[in-house]
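Chemist: I have a structure I would like to understand better, so I am pasting it below and will then ask my questions one at a time.
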C-alpha cells in the first residue's frame, strides 16, 4: 500500500480519470524508478574493475531515466514521459556497448530490455520503433566489427568477461521480471478501479430510473389536475360572458331610468306651473300626482331590481376570486414541481438535458400563470369595489324615491278640497322636481358604473380566456415532459 502511494505521488490528477491511462502511468513510473535505482549498482562494479567511462555513462543514464517521473508530474504528458524513459535507456545501453568492445561487449544483451520496456510504458507503436532502433544499433556495431572501424578499447581483463556476462544476464532477468510484475500490478489495480466504476454506474443508473419513475407519476397526476383546471377555466369564461351580457343589459336599463327621471322632472315642473296659475285645476294636479306616485313606485322597483343584480354580480365576483386563488395555488405547485424536476435532471447529467429544457418551460409558464392570476385578482377587486359603490348609490336613490313618494302622497291628500294649498303644492312639486334632478344624477352615476363594470367584465373574460389557453399549452408541455421522462427512463 505504501509503494502504491509512493508511485501515485508522481502521477498527475488527469490520469486518474481513465483506468487505462492510470495503469500505463503507473507502469512508466515503476519502470523508471526500477531502472534508475538498479543501474547505479552496475556502475559501482565497473568503477571497481577500472572502467570509469562505463560507470559514468551508467550513472548519467540512470539520472536521465529518473527524470521521467518528474517530467510526467510537471507536464502531465504521459506519452512524453514514456518516450523520454525509453530514449534514456536506449542511449545508456548504446553507450555501454560502445565503450565496452562493441558487438562483442558483455553489455550487448541489455539491448533486449529497451523495446520490452518501451512496449510496457508507451504501447506497441513505441515498442516497434525502439525495436527497429535496437536492431539498427546492433547492425551498426556488427558492421563496425567487420569493417575494422576502431572503437574505444575495453580496459576490462578477459578474465572478467564471463562474470560480467553472467551479471548482465542476471540483471536483465531481474529487470524483465520486475517489468512484468509492475505491469501485472497496474493491470490488477486498473481492473479493481473498473469494477468500482461499474458498480457506481449501476447504482447511479438505478437511482436515475427511480427518480424518473417518480417524475413520471408526478407528471401524470399534474396532467390530471391541469385538465380539471382547464375545464374550470372554460366554465369561468362562459360565466364571464354571461356576466358581461348582464352588465350591458343593466347599463341599458340605467340609461332608460335616466330618461324616465328626466321626463318625471319635466312633468313635475309643468305641474307646479299649473298649480300656480290655476287653483281650480287641483283635481288635474291630483291626477298628475297619482301618475307621479306610480312612476316613483316603478322607479323604486327598478332600483331594487338593479341592486339585487349588483349583489348577485358581487357574489359571482367572489366566486371568481376563489377560483383564481385555486389557479394560483396549482401554478405554485406546478412551479415547485418544475423546479424539483430541473434539479433531478441536473443530477441526471447528459441524460436529463432534454428533460431539464422542458422543465424550465413548465416553470416559465407557471410564472406567467401566476402573473395573470394577480392581474385578474386586481381587476376583480376593482369590480367588487365598483359594485359596492353602485349598490350604495342605488340605496341613496331609493331613499330619495321614498321621500318623493311620501311628499307626493301628502300633496295628494291635501288636493282633495283645499284649493288654497295650491301654492304649497307647487312648492312641493318644485321639491319633487329637485329630487328628480338628483335622481337623474344618481342614475347617470349608476350608468357610468354599469359601463365600467361591463368593461371590467370584458377584460376579465379576456384574461380568463388567456388563462384557459395557457393551461392548454401547459397540458401540451406536460405531455412532452412525460414523453421525455419515459425516454430518459428507457435510456437509464
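Residue numbers (my numbering): 480 to 971.
Virtual Cβ for every residue (Gly too), placed ideally from N, Cα, C.
What is the DSSP secondary structure of residue 629, counted as helix, strand or coil?
Modeler: Of the three classes helix, strand and coil, the one that applies to residue 629 here is coil, per DSSP.
Chemist: Are the CB atoms of residue 565 and residue 597 nearer to each other than 8 Å?
Modeler: yes
Chemist: Consult DSSP for residue 749 and reduce its assignment to one of helix, strand or coil.
Modeler: Of the three classes helix, strand and coil, the one that applies to residue 749 here is helix, per DSSP.
Chemist: Buried or exposed: which applies to residue 495, given that a residue is buried once 16 or more other Cβ atoms fall within 10 Å of its Cβ?
Modeler: exposed
Chemist: State the DSSP-derived secondary structure class of residue 498, mapped to helix, strand or coil.
Modeler: helix
Chemist: Could you check where the alpha helix (DSSP H) with residue 562 kicks off and where it finishes?
Modeler: 557–577
Chemist: Report the three-state DSSP secondary structure of residue 585 (helix, strand or coil).
Modeler: If DSSP states are grouped into helix, strand and coil, residue 585 belongs with coil.
Chemist: Quick one, which of 955, 872, 735, 800 has its alpha-carbon nearest residue 840's?
Modeler: 955
Chemist: Could you give the C-beta distance for residue 540 and residue 574, rounded to a whole number, given that I count them as a contact under 8 Å?
Modeler: About 7 Å separates the Cβ atoms of residue 540 and residue 574, confirming a contact at the 8 Å cut-off.
Chemist: State yes or no: is the C-beta of residue 590 within less than 8 Å of the C-beta of residue 613?
Modeler: yes
Chemist: Quick one: Cα of residue 893 to Cα of residue 885, how far?
Modeler: Each residue's Cα considered, the two are about 13 Å apart.
Chemist: Do the CB positions of residue 782 and residue 865 come within less than 8 Å of each other?
Modeler: no
Chemist: Measure how close the beta-carbons of residue 849 and residue 810 come, nearest whole angstrom, since I'm counting them as under 8 Å.
Modeler: 5 Å
Chemist: Which first and last residues belong to the alpha helix (DSSP H) in which residue 895 is found?
Modeler: Unbroken run through residue 895: none, as it is neither H nor E.
Chemist: Taking the Cβ atom as the reference point for each residue, do residue 524 and residue 561 lie within a distance shorter than 8 Å?
Modeler: no
Chemist: Whose C-beta lies closer than 6 Å to the C-beta of residue 931 among residues of the same chain, with five residues either side of it excluded?
Modeler: 865
Chemist: If we call anything under 8 Å between Cβ atoms a contact, is residue 609 one with residue 632?
Modeler: no
Chemist: Considering just the uninterrupted stretch of the alpha helix (DSSP H) at residue 547, what are its terminal residues?
Modeler: 531–554
Chemist: If you compare alpha carbons, which of 636, 899, 833, 732 is closest to residue 923?
Modeler: 732
Chemist: Taking DSSP as the reference, what is the three-state secondary structure of residue 609?
Modeler: helix
Chemist: From what residue to what residue does the alpha helix (DSSP H) around residue 599 run?
Modeler: Taken as a continuous stretch (DSSP letters only), the alpha helix (DSSP H) holding residue 599 covers 592–601.
Chemist: Is it the case that the segment 815–833 contacts the segment 775–795, given that we only count it when at least three CB pairs across the two stretches are under 8 Å?
Modeler: The segment 775–795, when compared against the segment 815–833, does not touch it at the 8 Å Cβ threshold.
Chemist: What does the Cβ neighbour count give for residue 759, buried or exposed, with the cut at 16 atoms within 10 Å?
Modeler: exposed
Chemist: Out of 948, 536, 749, which has the shortest C-alpha to C-alpha gap to residue 906?
Modeler: 749
Chemist: Keeping to the same chain, check which residues put their C-beta closer than 8 Å to that of residue 567; ignore five residues upstream and five downstream.
Modeler: In its chain, beyond the 5 residues on either side, 540, 543, 544, 546, 547 have a beta carbon closer than 8 Å to the beta carbon of residue 567.
Chemist: Starting from the Cα of residue 508, find the closest Cα among 549, 767, 902, 517 and give me that residue.
Modeler: 549
Chemist: By the three-class DSSP mapping on this structure, what secondary structure does residue 488 have?
Modeler: In the three-state scheme derived from DSSP, where H, G and I count as helix and E and B as strand, residue 488 is classed as helix.
Chemist: What does a CB cutoff of less than 6 Å around residue 621 pick up in its chain, not counting 5 residues either side in sequence?
Modeler: 582
Chemist: What residue from 851, 828, 489 has the CA that sits closest to residue 504's CA?
Modeler: When each option's Cα is compared against that of residue 504, the closest is 489.
Chemist: Alpha carbon to alpha carbon, how far is residue 521 from residue 682?
Modeler: 53 Å
Chemist: So, helix, strand or coil for residue 862, using DSSP?
Modeler: Reduced to three states, the DSSP call for residue 862 is helix.
Chemist: Of the choices 537, 527, 526, whose alpha-carbon is the least far from that of residue 518?
Modeler: 537
Chemist: For residue 851 and residue 807, I'd like the C-alpha separation in whole angstroms.
Modeler: 9 Å
Chemist: So, for residue 587: in the same chain, excluding its five sequence neighbours on each side, which residues have a beta-carbon less than 8 Å away from its beta-carbon?
Modeler: 576, 617, 620
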